[in-house]
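**Student:**
There are 4 protein chains.
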Amino acid sequence: MPVTYTTSQIAELLESVSNWGRWGKEDQRGALNYITNEKRAAAARLVQSGGTVSLSLPLATRAARDNPTPVTHLMIRSGQVGHPLGSWGCADYFAIEPHGLATTHLDALCHHFYRGKMYNDFDYTEVDFQGAHKCAIDVARDGVISRGVLIDIPKIRKTEWVEPGEAIYPEDLEAAERDHRVQVGEGDVMLLRTGRFKLRRSKGAQATLTSMAGLHASCLKWLHERKIAVLGSDAISDVLPTPYDAPLRMPIHTGTLVMMGVHLIDNADLDLLAEKCARDGRYAFMFTLLPLVLERGTASPANPVALF
Amino acid sequence: MPVTYTTSQIAELLESVSNWGRWGKEDQRGALNYITNEKRAAAARLVQSGGTVSLSLPLATRAARDNPTPVTHLMIRSGQVGHPLGSWGCADYFAIEPHGLATTHLDALCHHFYRGKMYNDFDYTEVDFQGAHKCAIDVARDGVISRGVLIDIPKIRKTEWVEPGEAIYPEDLEAAERDHRVQVGEGDVMLLRTGRFKLRRSKGAQATLTSMAGLHASCLKWLHERKIAVLGSDAISDVLPTPYDAPLRMPIHTGTLVMMGVHLIDNADLDLLAEKCARDGRYAFMFTLLPLVLERGTASPANPVALF
Amino acid sequence: MPVTYTTSQIAELLESVSNWGRWGKEDQRGALNYITNEKRAAAARLVQSGGTVSLSLPLATRAARDNPTPVTHLMIRSGQVGHPLGSWGCADYFAIEPHGLATTHLDALCHHFYRGKMYNDFDYTEVDFQGAHKCAIDVARDGVISRGVLIDIPKIRKTEWVEPGEAIYPEDLEAAERDHRVQVGEGDVMLLRTGRFKLRRSKGAQATLTSMAGLHASCLKWLHERKIAVLGSDAISDVLPTPYDAPLRMPIHTGTLVMMGVHLIDNADLDLLAEKCARDGRYAFMFTLLPLVLERGTASPANPVALF
Amino acid sequence: MPVTYTTSQIAELLESVSNWGRWGKEDQRGALNYITNEKRAAAARLVQSGGTVSLSLPLATRAARDNPTPVTHLMIRSGQVGHPLGSWGCADYFAIEPHGLATTHLDALCHHFYRGKMYNDFDYTEVDFQGAHKCAIDVARDGVISRGVLIDIPKIRKTEWVEPGEAIYPEDLEAAERDHRVQVGEGDVMLLRTGRFKLRRSKGAQATLTSMAGLHASCLKWLHERKIAVLGSDAISDVLPTPYDAPLRMPIHTGTLVMMGVHLIDNADLDLLAEKCARDGRYAFMFTLLPLVLERGTASPANPVALF
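Residue numbers (my numbering), protein chains in the order written: chain A, 1 to 308; chain B, 309 to 616; chain C, 617 to 924; chain D, 925 to 1232.
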C-alpha cells in the first residue's frame, strides 16, 4: 500500500495523531506517561535467563561519511611514574554532539518543531542559547524502563537489510508481529530494525540523510493506535527521502516527537539483538535506557540494554 | 575500632584482598564477574511496585568549590523561524571530564594504579594518549544490572550526615545491615550513603578531597569477603584525609579498583533513595547503570536507577 | 569632576558620540577606518630599538575567582617510543571562551547591543546560533596595526593601582598625557592601565564584575573627539559598578563598541609595558594585534605586542 | 638535481644542519635568536605604503578531505530581548586542534622528535599529559617580527601550482631569488608558495599527507646556510611522499624543527601575498606573527600579516 500524501493530507494525518493535552497542558513527558509502574513491573517479570544485549554503538571518535562531527576523546592525565599529577591514575575528557547519524542517542521531545511548536503546544522560543526550557531530555531522568519489542524487517522480507530509501509500511509491521509472535502495545518501546549496520559492516558507510530506510508516514496512525511509549531504530525511524518539503520532510519525526510526544532512539545497533531474538524465538524483553541528566539538553547519548 | 595501619600493614592488607588471577589472567572485568545471569534474573525478581529512583546528580555546568571543571553545554542550533539550519529543531553539544567530585560516574578499573599496575597486573603503560588499552569503561558495556543494597550510615548514627573527615568502619556496615534487615552479598552493588548531599544542600559545597566522609581501610576485608560487584557512594568511598602518603593515600580506591577489580560509582545522589528505602522499609532493589560505550575511556558519566 | 548622569542624560551622551553612518551604512569596521595606510606606515616609523613587549596574559587553564570557565588544554598525542601515532611528535587541543576577565582578547563590535542594535544600526538578530553575521571579529583580519599610546593612571596618581570601583576621568587622561608627553590622536590604539594585575599579583584575584577600576562615562566625549581606533585596558575599560541599570550599566562598552564602533581589548597585561615606557621615557610605540580569522566570531584571544 | 638519499646519507645531512648548542644548552628559542632587535628595527624600516595582507585561512569549521577535525565554534549567548543573560550582547566558544592541514598555525619546536629528541637535545619525555615542558609555543610570546621574504615557485616555473608530490630544489629557490630580486638571509621569515590554495580553489581539497608539494631534503643545507629564522609555506614545507621510512619520512620537519630550531608556519594562504608582491615588484616586507601565549602548547593558530 505505498501512498504519497498531498501536503494537506499529511498535515491532516499529523493532526490526527496528536496527543497534545492528553496528559494535561503542562505535561512534558508525552508518551512516557504510558509507562506506568505496573508496566515497569510487568517488564521486569519478562526476565528469565538474565542475559543482556547492549544496543549501543561505540562512541565514534573518527570522522566518516555518516559522522562529520566525531566525538573528541582526549586524556587529561595518566600514570607516568613520578609525574606529579599522574602517578596514581588516569582521567579523560570527551566532547560530543549527540544528534546525527553516528551516536546511539535518545532525542528529547524538544528536538523537533512543527509550525513553530514542540510537543504539547510549547513554543519553539522555549529553546534558546541556554538550551530547552521545556521538553528537555531530563524529563526522562528516571529512565525509560519498559517492555521492549523488536520488529525485524529484514527477517520478514527475507533480505539482509532494507535498502536505503525503501519505505516500511503498516503491513510490514503486522507481518513482523505475526512472524515474531508478539504484539506491540501500550507503553512498549518499539525497536525497528532496518539492517542498516549489517549494510554498513558489509559495504561501508552509505550516503546518509538523503537516503535511509525507515517508516512510511502511513505508519503514524498505527503507532498512535498502539500507544507506544518510545520508538527506536537502527536508522532514524523516517524513510528518506520523502516527497514532502520542509517542514513535512520527516513526517515520522514530526508525528512522534511533536504530535504524539513519543521519544525517539536513533542509531541503535540492533544486529546482536536480532540474532538473540531469533535464536531464542522471543521478541519481547525488559528494555532499559537511562539518559544522562542533562538539564535543558536536547538529547542524551545512551547505551540501551535489553534484558532477557 | 579506629586503627591506623603502618605503611607495611596497609600494603599487606591490599595484597590480602587481591582478586588478580581469580577470573583468568586476561580478565578485565574484575568483580563484575560476580554478576551472573542468575544474579541479574534474581535482581529482576525483586521488582514489585515498578517505582524508580534516579541516583544521578544533574550534569553540573557551573563552577563550584567542588566543581573546578564544569560541564560545557552549548547549543548548536535552534528553531528561529526562517533560519536556514534551525527552522526544524534544535541540537546541542557538551564536553565533560567525568571524574572529580561533581559528576555521578562509574570509574573504570584503569582509573587507579598501584605500584605501576592496574587490576590484574596490567601495566600502567597500557594507558597512553589514546586512552586505556586495558580495563577501560567499555568492559561494562552490557550494563551493571544486579541487586542494589543501600547502606545508610547517617540513619544508623542518628545524624543528618557523616561529618567530612569521619571514617566509617565495618561495625557501621554491620549495624546498618541489622537496621536495614538486609545482608550485602556476592554480586551486589553496595551503595554507601554518607549524607554528603544533605550537607551540601544545607551548607553549600564543602572543601573537598582534603576532607570527605568515607570508608576506613579496615572495611576492605569486609568488602572482599562479601564479594560485592560494585561499590558506590554519594562521596568517593574513601575517607579523606588518610594518614598515609601516596600511593597509599586512598586505600579504598586502591583496594577496590586495583586489587579486587571492583568498579566504583562516585558522587551518586542517594538522598531520595534513602527516603524511599526508609518509607518502604526495604533496602534492596533492582539496580541498573548503563555506561556509555566509550572505548578506551577511564569513566562514564551515568544515571544509575533503582527499581522497586 | 565626578558626576552621576540621569538615565536620559546618559542616553543623550551615547547618542552624541555616535559614528553610525560615518563610514557608510554598510560599514562594519567602525573606527578601524581611522587606521589608514599612512597611519600604519607612520607607526612603523616609530620603531627605533626593535625591542618588543607582549601585552598578553598566558591562556589561563585553571579556574579562579576571575576565571569560572578556564581554557581546556589537552594533549592529543605525544612521542612515546613505539607508539603508532605518537612516535614522531606531539600535538594538542584547546577550547576557549575568549570573553570574560581572564583572557586577553579583542571584542568584536557585535559583542554588545544597545536598544536591540549593534554598531551602525545592525540588528541584534544578525547574531544567531551560527554566530555574528555582521560586525564579527574577522572584520579585523588584516590586523590592528597602528600607533599605540599607554595611559598609565597609577603613575600619575602616584599609587600602585587604581582601587576596584574607582573611576577614571577625562582630567586623569589629560594629566597622563602631560606627564607622558604624548597626545592621543586619530587612529591611535589607546591602552589604559589601571594596575589591575599589579593588584592581582599582590593580593590575588579580586571580586570582579561587581567592582573594577575603569573609565567614567564622562570620558566618552573625550574618546570620541580624539578619534581613537581601539581602546584597550588591563581591566574591561568600564568602571564597575555604575549607578545605571541595564542596558546602560556599562556605558563605556556601549559608547565604544556600539556607538563609536571602537573595538575593545580586555584584560591586556600592561605592567611590563608600563615599566618599559617609564624606563624609556616614551609612551608611544608601534602596536600590533592580529586576531584569529574566526568568521562570525564575537572575539578573538590575542597576543598584542608593542614594538619600540 | 633530483636525488634520493640513502638512509644514512639523510641521517648525516640532518646532523650537518644542527644548531644544537649554538645558543647555549638551555636555549629553547632556536633560530628565533637570529631575529635581533636590529633585525626587527630594519624590518620596520621596510614599511612604505602601510598596506597589509593577511596570510591566514579562516578557521575551518566544516569537515573536509583535508580537515578531519574541524574547529568547533558555538555560541554561548546572544541578544534575545528580555533574555536574562543575553539581552546585552553575545559571546562564543571555540575548540581547536591547531595542527593538521586546515589551520594556519605556527609549530612549536617541541612538535617533532628525532631519535627521541627535540631541538637542542631535549628529551621527548619533556612532553607529557600536561603538554610540553620545553620548547613550547610560548617561547615565541614576544612575537615573530622580522623581514618576510616570499619565494613564489609557481611564478618561476610558469605554472599555476606545483603539483602534489613534486619536489622543490635549491635551484628553484635560487631561481626565485633572481626573479624576485631578493636574497634570503639571516633572521628572515621565508615563505614558500607552492600554489596549494590556488589548486584547492580550482579543484577542491586534494588527497593530503600522502601527496603534497614541498621542499626536497637537499634544501636543508641551503636553509641552514641562509640562517633563516622561520620557514612558512602554504602546505607543510615537506614534499610528500618521500622515499624514507619514519622517522626520516619528513626530513624538512626534522631538519628545521629538531635540528636547526627553525619554527614552521603551516597552511599559510599566500595567494594574495603573491599577487601583491608581483604587482609591487617587491618580495620583502615587514612580517608579523603573534602566537597565543599557550604555555606548554605545541602550536598556535595564527594570523600572520605582511606589512608593505
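All C-beta atoms, glycine included, are put in the ideal place defined by N, C-alpha and C.
When you compare the CB positions of D:L1194 and D:H1177, do they come within less than 8 Å of one another, or not?
**Tutor:** For this step, residue 1194 of chain D is matched to residue 270 along the fourth sequence. For this step, residue 1177 of chain D is matched to residue 253 along the fourth sequence. The answer is no: Cβ separation not under 8 Å.
**Student:** Could you give the distance in angstroms between the alpha-carbon of B:S395 and the alpha-carbon of A:S211?
**Tutor:** Numbered from its first residue, the second sequence carries residue 395 of chain B at position 87. Numbered from its first residue, the first sequence carries residue 211 of chain A at position 211. Residue placement at B:S395 is flagged as unreliable, the pLDDT there being 47, under the threshold of 50; the coordinate-derived value follows with that caveat. Answer to the nearest angstrom: the Cα atoms are 21 Å apart.
**Student:** Return yes when the C-beta of C:E713 is under 7 Å from any heavy atom of the ligand COA, and no when it is not.
**Tutor:** For the structure depicted, the ligand COA is absent and the ligand set is empty, with no information on it obtainable.
**Student:** Anyone know if the C-beta pair for A:L106 and A:S300 falls short of 8 Å?
**Tutor:** Numbered from 1 along the first sequence, position 106 holds the residue referred to as residue 106 of chain A. Numbered from 1 along the first sequence, position 300 holds the residue referred to as residue 300 of chain A. Yes, Cβ-Cβ distance for A:L106 and A:S300 is below 8 Å.
**Student:** Counting Cβ pairs closer than 8 Å, one from the segment 34-43 of chain A and one from the segment 329-349 of chain B, do we hit at least three?
**Tutor:** Too few Cβ pairs lie closer than 8 Å, so no.
**Student:** Kindly say whether B:M498, judged by its beta-carbon, lies nearer than 8 Å to any beta-carbon of chain A.
**Tutor:** As a first step, residue 498 of chain B is located in the second sequence; it is residue number 190 there, counting from the start. It does not; no Cβ of chain A falls within 8 Å.
**Student:** A:M75 touches chain C at which residues, Cβ-Cβ below 8 Å?
**Tutor:** Taking the first sequence and counting its residues from 1, the one referred to as residue 75 of chain A is at position 75. Within chain C, the residues near A:M75 are L690, M691.
**Student:** Use the C-beta contact count for C:G705: other C-beta atoms within 10 angstroms, 16 or more gives buried, fewer gives exposed.
**Tutor:** As a working mapping, residue 705 of chain C is identified with position 89 in the third sequence. That one is buried.
**Student:** Considering only the alpha carbon of each residue, which of B:P555, B:V570, B:A444, B:L600 lies closest to B:S316?
**Tutor:** Looking up residue 316 of chain B in the second sequence gives position 8. Ranking B:P555, B:V570, B:A444, B:L600 by Cα distance to B:S316 puts B:P555 first.
**Student:** Does the beta-carbon of C:P859 have 16 or more other beta-carbons within 10 angstroms, so that it is buried, or is it exposed?
**Tutor:** For the purposes of this step, residue 859 of chain C is taken as residue 243 along the third sequence, with counting starting at 1. Per the 10 Å Cβ criterion, exposed.
**Student:** Using a Cβ-Cβ cut-off of 8 Å, state whether D:V1108 counts as contacting chain C.
**Tutor:** The residue labelled residue 1108 of chain D in the question sits at position 184 within the fourth sequence. False, the Cβ-Cβ gap to chain C never drops below 8 Å.
**Student:** Give the residues of chain D in contact with C:Y709, contact being defined as C-beta atoms less than 8 Å apart.
**Tutor:** In the third sequence, counting from the first residue as 1, residue 709 of chain C sits at position 93. Going along chain D in sequence order, the residues near C:Y709 (Cβ under 8 Å) are A1019, I1020, E1021.
**Student:** With DSSP as the reference, label C:V846 as helix, strand or coil.
**Tutor:** Your numbering for residue 846 of chain C matches position 230 in the third sequence. DSSP places C:V846 in strand when its eight states are reduced to three.
**Student:** If I measure Cβ to Cβ from B:V325 and keep anything under 6 Å in the same chain, skipping five residues before and after, which residues do I get?
**Tutor:** Taking the second sequence and counting its residues from 1, the one referred to as residue 325 of chain B is at position 17. Excluding residues within five positions, the ones whose Cβ falls inside 6 Å are L528, H532, G563, M567, M568.
**Student:** If you count every other CB in all the chains shown that lies within 10 Å of the CB of B:V497, and 16 or more means buried, which is it?
**Tutor:** The count along the second sequence starts at 1 and reaches residue 497 of chain B at position 189. The residue is buried, with at least 16 neighbouring Cβ atoms inside 10 Å.
**Student:** For D:S980 versus C:R757, is the C-beta distance shorter than 8 Å?
**Tutor:** Position 56 of the fourth sequence, counting from 1, holds the residue named residue 980 of chain D. Position 141 of the third sequence, counting from 1, holds the residue named residue 757 of chain C. For D:S980 and C:R757, yes; Cβs fall inside 8 Å.
**Student:** Under 8 Å between the Cβ atoms of A:F113 and B:G387?
**Tutor:** Position 113 of the first sequence, counted from the start, is the residue given in the question as residue 113 of chain A. Position 79 of the second sequence, counted from the start, is the residue given in the question as residue 387 of chain B. Yes. Within cutoff.
**Student:** In or out: D:K1127 buried (at least 16 other Cβ within 10 Å) or exposed?
**Tutor:** Taking the first residue of the fourth sequence as 1, we reach residue 1127 of chain D at position 203. Label assigned to D:K1127: exposed.
**Student:** Just the C-alpha distance for A:Q278 and A:A284, rounded to the nearest angstrom, thanks.
**Tutor:** Locating residue 278 of chain A in the first sequence gives position 278, where the first residue counts as 1. Locating residue 284 of chain A in the first sequence gives position 284, where the first residue counts as 1. Checking the sequence, you will find Ala at residue 278 of chain A rather than Gln. In a straight line, the C-alpha of A:A278 is about 11 Å away from that of A:A284.
**Student:** If you measure from the beta carbon of B:G332 to each beta carbon in chain A, is any gap under 8 Å?
**Tutor:** One-based indexing of the second sequence puts residue 332 of chain B at position 24. It does not; no Cβ of chain A falls within 8 Å.
**Student:** Taking D:R1206 as the reference, give the member of D:L937, D:L938, D:S973, D:I934 with the closest Cα.
**Tutor:** For the purposes of this step, residue 1206 of chain D is identified with residue 282 of the fourth sequence, where counting begins at 1. Cα-wise, what sits closest to D:R1206 is D:S973.
**Student:** How close, in whole Å, do the beta carbons of D:S978 and D:N1191 come, if the pair is a contact with beta carbons under 8 Å?
**Tutor:** The sequence position of residue 978 of chain D within the fourth sequence is 54, counting from 1. The sequence position of residue 1191 of chain D within the fourth sequence is 267, counting from 1. Wrong, their Cβ atoms sit about 13 Å apart, outside the cutoff.
**Student:** How far does the beta strand (DSSP E) with A:T7 in it reach, from first residue to last?
**Tutor:** Taking the first sequence and counting its residues from 1, one reaches residue 7 of chain A at position 7. Counting along the chain, A:T7 falls outside any beta strand (DSSP E), though it belongs to the alpha helix (DSSP H) covering 7-16.
**Student:** Measure from the C-beta of B:A371 to each C-beta in chain C and report whether the shortest distance is under 8 Å.
**Tutor:** The sequence position of residue 371 of chain B within the second sequence is 63, counting from 1. Closer than 8 Å to some Cβ of chain C, the Cβ of B:A371 qualifies, so yes.
**Student:** Between the C-alpha atoms of A:I145 and A:L289, what's the straight-line distance to the nearest angstrom?
**Tutor:** Here residue 145 of chain A refers to the residue found at position 145 when the first sequence is read from its first residue. Here residue 289 of chain A refers to the residue found at position 289 when the first sequence is read from its first residue. Roughly 7 Å between the two C-alpha positions.
**Student:** If the criterion is Cβ atoms closer than 8 Å, does the pair D:L1164 and D:V971 meet it?
**Tutor:** If you number the fourth sequence from 1, residue 1164 of chain D lands on position 240. If you number the fourth sequence from 1, residue 971 of chain D lands on position 47. No, the Cβ-Cβ distance between D:L1164 and D:V971 is not below 8 Å.
**Student:** At least one CB of chain B closer than 8 Å to the CB of C:L630: is that the case?
**Tutor:** Translated into the one-based positions of the third sequence, residue 630 of chain C becomes position 14. Closer than 8 Å: no.
**Student:** What number of angstroms, rounded off, separates the C-alpha of A:A207 from the C-alpha of A:T159?
**Tutor:** Taking the first sequence and counting its residues from 1, one reaches residue 207 of chain A at position 207. Taking the first sequence and counting its residues from 1, one reaches residue 159 of chain A at position 159. Rounded to the nearest angstrom, the two C-alpha atoms are 20 Å apart.
**Student:** Taking the alpha carbon of A:N120 as the reference point, which residue from A:C135, A:D128, A:R201, A:A108 has its own alpha carbon closest?
**Tutor:** Position 120 of the first sequence, counted from the start, is the residue given in the question as residue 120 of chain A. Comparing Cα positions, the closest option is A:C135.
**Student:** Could you name the residues of the same chain whose beta carbon sits closer than 6 Å to that of B:L382, not counting the 5 residues immediately before and after it, in chain order?
**Tutor:** Stepping through the second sequence from its first residue, residue 382 of chain B is reached at position 74. Within the same chain, B:L382 has close Cβ partners Y401.
**Student:** If distances are taken between C-alpha atoms only, which option among A:G143, A:H180, A:G185, A:G195 comes closest to A:A167?
**Tutor:** Stepping through the first sequence from its first residue, residue 167 of chain A is reached at position 167. Cα-wise, what sits closest to A:A167 is A:G195.
**Student:** Distance cutoff 8 Å, beta carbons only. Does C:S665 sit that close to anything in chain D?
**Tutor:** As a first step, residue 665 of chain C must be located in the third sequence, where it is residue number 49. It does; some Cβ of chain D falls within 8 Å.
**Student:** Under 8 Å, do C:A724 and C:G848 count as touching if we go by C-beta distance?
**Tutor:** As a position in the third sequence, residue 724 of chain C is number 108, starting the count at 1. As a position in the third sequence, residue 848 of chain C is number 232, starting the count at 1. For C:A724 and C:G848, no; Cβs fall outside 8 Å.
**Student:** Please classify B:D588: is it buried, with 16 or more other beta-carbons within 10 angstroms of its beta-carbon, or exposed?
**Tutor:** Here residue 588 of chain B refers to the residue found at position 280 of the second sequence. Exposed, since its Cβ has fewer than 16 Cβ neighbours within 10 Å.
**Student:** Quick one: grab the DSSP three-state call for A:Y244.
**Tutor:** Within the first sequence, the letter at position 244 stands for residue 244 of chain A. If DSSP states are grouped into helix, strand and coil, A:Y244 belongs with coil.
**Student:** Could you check where the alpha helix (DSSP H) with B:P462 kicks off and where it finishes?
**Tutor:** Here residue 462 of chain B is taken as the residue at index 154 of the second sequence, counted from 1. Looking at the DSSP string, the run of the alpha helix (DSSP H) that includes B:P462 is 461-465.
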